Amino acid sequence: MLALMEEKRNLLNNNPTNQLAFKVKEIVRSKDENLMRNKDFLSILDLGAGGIDGIIQMADKIKKGETPQVLAGRTIALLFEKPSLRTRVSFEVGIKQMGGTCIFLSNSEIGLGVREPESDVARILDRLVDCIIARVFSHHSLELLSENTSLPVVNALSDRAHPCQALGDCLTIFEHKGGMQGLKLAFIGDGNNIA
Numbered sequence: 001m002l003a004l005m006e007e008k009r010n011l012l013n014n015n016p017t018n019q020l021a022f023k024v025k026e027i028v029r030s031k032d033e034n035l036m037r038n039k040d041f042l043s044i045l046d047l048g049a050g051g052i053d054g055i056i057q058m059a060d061k062i063k064k065g066e067t068p069q070v071l072a073g074r075t076i077a078l079l080f081e082k083p084s085l086r087t088r089v090s091f092e093v094g095i096k097q098m099g100g101t102c103i104f105l106s107n108s109e110i111g112l113g114v115r116e117p118e119s120d121v122a123r124i125l126d127r128l129v130d131c132i133i134a135r136v137f138s139h140h141s142l143e144l145l146s147e148n149t150s151l152p153v154v155n156a157l158s159d160r161a162h163p164c165q166a167l168g169d170c171l172t173i174f175e176h177k178g179g180m181q182g183l184k185l186a187f188i189g190d191g192n193n194i195a
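1 is the number of the first residue of the sequence shown in my numbering; add one for each residue after it.
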């Protein structure tokens, strides 16, 4: 607790970018259900309203040039069963801009659930990286990864949810409309990933 208080004091006395970095860490570490409901981000429902608002506000600041180095010294595994140019590049650039390193693991290298059971992949990565970002065919694979690691697991797409895309869409709405208050939304598009 004392270390966290000291970190907060140091960060807040510096500059706005460091203040933003502390806010990111605060949401990630939070036990407050209004912010984060568990260690993983498998569904938009894993974030409370405060967590969604906080992330959107942080993303807006980052987009305007305030880039917190919250991932400095961290290694993130990008585990992609399904290829995607936009998803891969956006995660890799974001991780690097925030000071982190990422390792890209494709389906041909891993064979998730075929050559390597999800439980084995999770246990191996648990020893070597700080977070798993996975883009998978089956949501069940995410659940198995989560059950077999103490690391945060982030859903970069499954057959059940695409929460990072949902946050990106929320940011766009925030930028153009100032928020969600009073808006009616309709979804038109592919129904198997995010509807």
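Ideal placement from N, C-alpha and C gives every residue a C-beta, glycine not left out.
Given the structure is predicted, the values throughout are model-derived calculations rather than measurements.
query	result
For the alpha helix (DSSP H) that residue 187 lies in, which residues bound it at each end?	That residue, residue 187, is in no alpha helix (DSSP H); it is neither H nor E in DSSP.
Taking 8 Å as the cut-off, is the CB of residue 102 close to at least one heavy atom of the ligand ZN?	You won't find the ligand ZN in this model; it holds no ligand whatsoever.
Is residue 34 helix, strand or coil by DSSP?	At residue 34, the pLDDT of 45 sits below 50, so the modelled position is not reliable and the matter cannot be decided from this model.
Please classify residue 147 as buried or exposed, where buried requires at least 16 other C-beta atoms within 10 Å of its C-beta.	exposed
Work out the CA separation of residue 183 and residue 176 for me, nearest whole Å.	12 Å
Among residues of its own chain, excluding the 5 on either side of residue 126, which ones have a beta-carbon nearer than 8 Å to its beta-carbon?	148, 149, 150 and 151
Does DSSP classify residue 87 as helix, strand or coil?	helix
Please report how far the alpha carbon of residue 180 lies from the alpha carbon of residue 116, in whole angstroms.	42 Å
Over the uninterrupted alpha helix (DSSP H) stretch that includes residue 148, give me the two end residues.	Segment: none, residue 148 is in no alpha helix (DSSP H) and carries neither H nor E.
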